[in-house]
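Worksheet: the structure to be examined is printed underneath.
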Amino acid sequence: MPEVNSTSSIIIGSVGSGLVSTVLGHPLDTVKTHLQINSKFRNPFHVIQTIRLGVFRGIVPPIMNAFLMNSVMFCVFDTVQTTWNNPFAAGLISGFATAMISTPTDYVKIQSQLADQTQPRLKLWSILYDPKTGRCITPRLLYRGHTANLAREGIFTMVYLGVYHRTLSSMANGDGVIVQKDSLAVATTSSVTGGFA
9 MPEVNSTSSI
19 IIGSVGSGLV
29 STVLGHPLDT
39 VKTHLQINSK
49 FRNPFHVIQT
59 IRLGVFRGIV
69 PPIMNAFLMN
79 SVMFCVFDTV
89 QTTWNNPFAA
99 GLISGFATAM
109 ISTPTDYVKI
119 QSQLADQTQP
129 RLKLWSILYD
139 PKTGRCITPR
149 LLYRGHTANL
159 AREGIFTMVY
169 LGVYHRTLSS
179 MANGDGVIVQ
189 KDSLAVATTS
199 SVTGGFA
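Residues 9 to 205 in the numbering used here are what the sequence shown lists, from first letter to last.
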């Protein structure tokens, strides 16, 4: 089996799939969220026309989260893969680990996305703290929907990292050294397996 370099995986995963996909995908996620909860919007273009730059609301938590989640995902994957030598099981467990981070982050992101677009920019503290009651948001609310998110993250990461690891393994020579581990090969493999997942 080829040895996966944890540091390289974290950097490539965090910068490549984390930051770039967050910046490119967040406006689409905001449009999807509005279409799911608000029947006044007719189609994606109607959402964009109505909220304009509001499509970027809530992008800060996912960007901050990208480094942490990808670091956890790859570190847990490498640790479990080294122990069990099963990339799909390692992917499933690393997905469960990332869900512990993504569930509360998604809550904050969605609250920001759905904030009244006519109001000034929503501050993070106003989501986590209610000045009327003087209380902070409870972990129970932050983790609402966690079971569904565990399943989503687990399945996605199992397929993504499992197929990714198997694909890289197929590039290895008889000594287990990956022959074509250049940036383009890794980026292409990552993109294809991510899309498949």
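Each residue gets a CB set at the ideal place from its N, CA and C atoms; glycine is no exception.
Which residues does DSSP list as the beta-bridge partners of Q144? Numbered from its first residue, the sequence shown carries residue 144 at position 136. Before going further, note that residue 144 is Cys rather than Gln in the sequence given. C144 pairs with Y137.
Check whether chain B comes within 9 Å of G162, counting only Cβ atoms and requiring the distance to be less than that. In the structure shown, chain B cannot be found, because there is only a single protein chain.
V12 burial status per 10 Å Cβ neighbour count (16 or more: buried): Residue numbering aside, residue 12 sits at position 4 when the sequence shown is read from its first letter. With a pLDDT of only 48 at V12, under the threshold of 50, the placement of this residue in the model should not be trusted, and no figure is reported.
Look up P10 in the DSSP assignment and say whether it is helix, strand or coil. In the sequence shown, residue 10 corresponds to position 2, counting from 1. Confidence is the limiting factor: at P10 the pLDDT is only 46, short of 50, which leaves the residue's position unreliable and the question unanswerable from this model.
Report yes if the C-beta distance between S102 and L192 is below 9 Å; otherwise report no. Locating residue 102 in the sequence shown gives position 94, where the first residue counts as 1. Locating residue 192 in the sequence shown gives position 184, where the first residue counts as 1. No, Cβ-Cβ distance for S102 and L192 is not below 9 Å.
Among L100, Y115 and S120, which has the Cα closest to the Cα of A205? By one-based count along the sequence shown, residue 205 stands at place 197. Looking at the Cα atoms, L100 is the closest of the given residues.
Put F64 into one of helix, strand or coil per three-state DSSP. Against the sequence shown, residue 64 aligns to sequence position 56. The answer is helix: DSSP assigns F64 an H, G or I state.
Tell me whether P95 is buried or exposed, calling it buried when 16 or more other Cβ atoms sit within 10 Å of its Cβ. Here residue 95 corresponds to residue number 87 of the sequence shown, with the count starting at 1. Classified as buried, P95 has 16 or more neighbouring CB atoms from the shown chains inside 10 Å of its CB.
In the DSSP assignment, find the alpha helix (DSSP H) that holds A107 and state where it starts and stops. Here residue 107 refers to the residue found at position 99 of the sequence shown. Run containing A107: P95 to Q121, per the alpha helix (DSSP H) assignment.
Considering only residues of the same chain and omitting the five flanking positions on each side of T106, which have a CB-CB separation below 7 Å? Translated into positions along the sequence shown, residue 106 becomes position 98. Taken in chain order, the residues that qualify are M77, V80, M81, E161 and T165.
When burial is assigned at 16 or more other CB atoms within 10 Å of the CB, is R65 buried or exposed? Translated into the one-based positions of the sequence shown, residue 65 becomes position 57. Buried: at least 16 other Cβ atoms inside 10 Å.
So V28 and V39 are supposed to be a Cβ contact under 8 Å. How far apart are they, rounded? Along the sequence shown, one-based indexing puts residue 28 at 20. Along the sequence shown, one-based indexing puts residue 39 at 31. In this structure, V28 and V39 do not form a Cβ contact; the two beta carbons are roughly 18 Å apart against a cut-off of 8 Å.
Rounded to the nearest angstrom, what separates G153 and R174 at their Cα positions? Reading the sequence shown from its first residue, position 145 is the one you call residue 153. Reading the sequence shown from its first residue, position 166 is the one you call residue 174. Distance between the alpha carbons of G153 and R174 is about 31 Å.
Specify the secondary structure class of K48 as computed by DSSP and reduced to three states. Within the sequence shown, numbered from 1, the residue matching residue 48 stands at position 40. DSSP places K48 in coil when its eight states are reduced to three.
Output the distance between the C-alpha atoms of T30 and I71, rounded to the nearest integer angstrom. By one-based count along the sequence shown, residue 30 stands at place 22. By one-based count along the sequence shown, residue 71 stands at place 63. T30 and I71: Cα-Cα distance of roughly 6 Å.
Cβ neighbours of Y115 in the same chain (closer than 6 Å, five flanking residues each side left out): Here residue 115 refers to the residue found at position 107 of the sequence shown. Result list for Y115: L150, in chain order.
Please name the residue, chosen from F75, F85, T90 and T197, that lies closest to I109 on a Cα-to-Cα basis. The residue you call residue 109 lines up with position 101 of the sequence shown. The candidate whose alpha carbon is nearest that of I109 is F75.
Determine, using beta carbons only, whether I118 and T41 come nearer to each other than 9 Å. Translated into the one-based positions of the sequence shown, residue 118 becomes position 110. Translated into the one-based positions of the sequence shown, residue 41 becomes position 33. Closer than 9 Å, so yes.
Can you check whether the CB of T111 is closer than 9 Å to the CB of N157? Numbered from its first residue, the sequence shown carries residue 157 at position 149. Numbered from its first residue, the sequence shown carries residue 111 at position 103. Yes; because the gap between Cβ atoms is below 9 Å, this pair is in contact.
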